[in-house]
Amino acid sequence: MATFFSTFSTPNPLRSKSILHHHHHQLTVKCSAAASPPLPPPVQTFWKWLSDEKVVSSKSPAKPGTVAEGLGLVAQRDIARNEVVLEIPKKFWINPDTVSGSEIGRVCDGLKPWISVALFLIREKLRGEDDNSPWRSYIEILPEFTDSTIFWSEEELSEIEGTQLLSTTLSVKEYVKNEFQQVQDQVILPNKQLFPFSVTLKDFIWAFGILRSRAFSRLRGQNLVLIPLADLINHSPSITTEDYAYEIKGAGLFSRDQIFSLRSPIPVKAGQQVLIQYDTNKSNAELALDYGFIESTPDRNTYTLTLQISNSDPFFDDKLDIAEANGTKEVQYFDITLGRPLPPKMLPYLRLVALGGTDAFLLESIFRNAVWDHLEQPVSRDNEEVICQVVRSACQSALSSYRTNIEEDEKLKGENIKPRLEIAVGIRAGEKKVLQQIDGIFEEMEMELNEYEYYQERRLRDLGLVGEQGDIIFWEPK
Ligand SMILES: C[S@@+](CC[C@H](N)C(=O)[O-])C[C@H]1O[C@@H](n2cnc3c(N)ncnc32)[C@H](O)[C@@H]1O
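Numbering (the numbering used here), first residue to last: 345 to 822.
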């Protein structure tokens with residue numbers, strides 16, 4: 345954890361005005377509770393609201409605090425492993441049901457869940473101080489932005505030129521923009537009395553960013569839910585348990601209510617921050633997009649290869665049939681992870697896509713049941729050579745579209761740089777390493793082309809026609 349915090353030595357993301365000038369105490373995380381800086385006023389208001397509502401008390405094991413990652417949950421006393429840190433009753437959650445039951449419920453009917461919650465958040469945010477919304481104090485502590493790439497300026501984005509993360513970020517923003525335009529025309533503008541303020545794309549991106557970075561998912565019956573207070577929990581790369589630290593459960597023996605319960609996956613000393621592992625399965629690109637941080641763990645680096653059976657392939661129908669019978673599609677994505685073997689279906693799929701010429705007989709229907717087994721091994725020298733060439737040239741062309749090379753990235757990593765640049769450098773170095781790894785695998789295969797046993801030889805051997813030494817046994821009379 346120590347190494348982790350030292351890498352995030354920059355100011356907190358900007359929050360609602362009042363926290364803006366709050367001092368940044370990076371070391372609080374490791375200091376004792378006594379040294380905690382006073383809470384920013386909006387956070388105090390938020391805590392008071394939760395106390396008045398009896399959700400928390402002075403005995404609560406953890407409290408909001410200002411930490412290196414913005415706000416976080418700080419232990420008020422020693423907390424044991426698996427001890428419950430907080431419990432939030434359903435009444436305080438914000439999910440699509442909350443929106444349905446609210447003033448805008450009737451106009452949000454039929455909207456995508458995230459869009460209705462986004463509208464709810466934006467409305468609560470823009471309603472103005474005089475409105476006595478119960479959610480006011482929660483909305484006030486939400487950050488204005490994170491370091492997610494959806495909030496990066498053009499200049500910051502230029503640092504990830506050539507990366508898959510850049511294209512993902514741009515398509516996500518395009519998607520959000522289209523959804524905004526629709527909801528603006530169909531819901532916001534026609535209901536001036538409910539939305540008596542102008543809502544901008546920026547507001548919508550803010551809400552999207554809030555949901556991506558704080559909504560809990562994979563919970564019993566809850567796929568999109570904001571849990572005030574619980575969503576102050578930050579992520580630690582050094583917690584690697586796969587078990588989720590949170591769950592929804594019954595509020596008690598005599599209650600039909602549900603509560604959200606958060607446990608600490610590790611023991612925490614008083615004054616330290618309670619942390620969880622957000623998701624062991626997310627790649628650095630996903631972490632950067634969702635939360636605005638990355639990890640230095642090698643296997644968070646991935647590259648997605650998109651392979652496709654071409655519509656102009658003379659064997660398109662047969663190939664698609666075979667692909668689908670084996671759990672792959674016309675357009676198939678393969679996520680390649682640094683330091684891990686290729687996904688098992690990638691080579692068979694590649695061989696299938698490249699199959700042609702004299703190998704095409706394998707596509708005939710009598711082979712249909714066995715063809716995938718055959719594709720698991722090299723089919724022919726030509727076929728194997730084609731897949732090596734295609735993959736290697738794709739890797740090399742991808743590698744040439746980055747502005748920097750790995751050495752330049754590595755050098756920057758050692759320097760004291762801003763968090764967004766650090767994310768950019770980590771992402772582009774990671775992608776390049778994966779591409780080099782893929783290229784290396786196929787380079788090695790290319791060098792072995794003469795050593796492989798191909799379909800025809802295997803077939804002959806299976807038929808007992810190849811001798812021990814690999815020489816083909818001929819029938820010619822001696
Ligand atoms: C669920 S919120 C946690 C509360 C948040 N720190 C706040 O101030 O409201 C997730 C966000 O916290 C920040 N965060 C959490 N863990 C982090 C980490 N390990 N490094 C950097 N930022 C982190 C990121 O901005 C992320 O999008």
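The beta-carbon is built from N, C-alpha and C at its ideal position, and this holds for glycine as well.
Length-filtered (4 minimum) alpha helix (DSSP H) runs lying within the region 595 to 639 = 628 to 634
Report yes if the CB atom of residue 723 is closer than 7 Å to the CB atom of residue 635, and no otherwise.
-> no
Return the first residue and the last residue of the alpha helix (DSSP H) that residue 462 is part of.
-> 457 to 470
From residue 411 to residue 792, what does the alpha carbon distance come to, in whole angstroms?
-> 54 Å
Quick one: Cα of residue 662 to Cα of residue 785, how far?
-> 28 Å
Element boundaries [beta strand (DSSP E), containing residue 641] | Careful: residue 641 lies outside any beta strand (DSSP E) and carries neither H nor E.
According to DSSP, is residue 693 helix, strand or coil?
-> helix
Whose C-beta lies closer than 7 Å to the C-beta of residue 545 among residues of the same chain, with five residues either side of it excluded?
-> 521 and 524
Between the C-alpha atoms of residue 808 and residue 518, what's the straight-line distance to the nearest angstrom?
-> 60 Å
How far does the beta strand (DSSP E) with residue 649 in it reach, from first residue to last?
-> 646 to 652
Heavy atom of ligand 1 within 6 Å of residue 624 beta-carbon | no
When every heavy atom of ligand 1 is checked, does at least one fall within less than 6 Å of the C-beta of residue 576?
-> yes
Residue 695 classed as buried or exposed, judged by whether at least 16 other C-beta atoms fall within 10 angstroms = buried
Quick one, are the C-beta atoms of residue 458 and residue 555 less than 7 Å apart?
-> yes
On the premise that residue 606 lies in contact with residue 622, defined as a C-beta separation below 8 Å, what is that separation, rounded to the nearest angstrom?
-> No, residue 622 and residue 606 are not in contact; Cβ-Cβ is about 13 Å, not under 8 Å.
Should residue 484 be counted as a contact of ligand 1 given a C-beta to heavy atom distance under 6 Å?
-> no
Nearest residue (CA-CA) to residue 769, options 666, 467 and 748 | 748
Kindly confirm or deny that the region 637 to 648 and the region 659 to 676 touch, where touching means at least three C-beta pairs closer than 8 Å.
-> no
Option nearest residue 688 by Cα separation, candidates 424, 732, 698 and 716 | 716
Taking the alpha-carbon positions, what's the residue 533 to residue 552 distance?
-> 20 Å
Take the Cβ of residue 578 as the centre, count every other Cβ of all protein chains shown within 10 Å, and call the residue buried at 16 or more, exposed below.
-> buried
Look at the alpha carbon of residue 728 and the alpha carbon of residue 782, and state the distance between them as a whole number of angstroms.
-> 15 Å
Straight-line Cα distance separating residue 759 from residue 502 | 19 Å
Does the distance from the CB of residue 906 to the CB of residue 490 come in under 7 Å?
-> No information on residue 906 is available, as it lies outside the stretch 345 to 822 that the chain covers here.
Taking the Cβ atom as the reference point for each residue, do residue 612 and residue 773 lie within a distance shorter than 7 Å?
-> no
What separation, rounded to the nearest whole angstrom, lies between the Cα atoms of residue 677 and residue 683?
-> 19 Å
Apply the 10 Å Cβ neighbour rule to residue 806 and answer buried if 16 or more other Cβ atoms are within range, or exposed otherwise.
-> exposed
With C-beta atoms as the reference, is residue 417 less than 7 Å away from residue 406?
-> yes
What do you reckon, are the CB atoms on residue 479 and residue 569 nearer than 7 Å?
-> no
Indicate the three-state DSSP secondary structure (helix, strand or coil) for residue 807 in the structure shown.
-> coil
Would you mind stating whether residue 571 and residue 432 have Cβ atoms separated by less than 7 Å?
-> yes
Reduced DSSP category for residue 482 - H, G, I as helix; E, B as strand; rest coil | helix
With hydrogens ignored, establish whether the beta-carbon of residue 397 is closer than 6 Å to any heavy atom of ligand 1.
-> no
Does DSSP put residue 517 in a helix, in a strand, or in coil?
-> helix
Using DSSP with H/G/I as helix, E/B as strand and the rest coil, what is residue 753?
-> helix
Compare the C-alpha of residue 600 against each of 434, 404, 429 and 430 and name the closest.
-> 434
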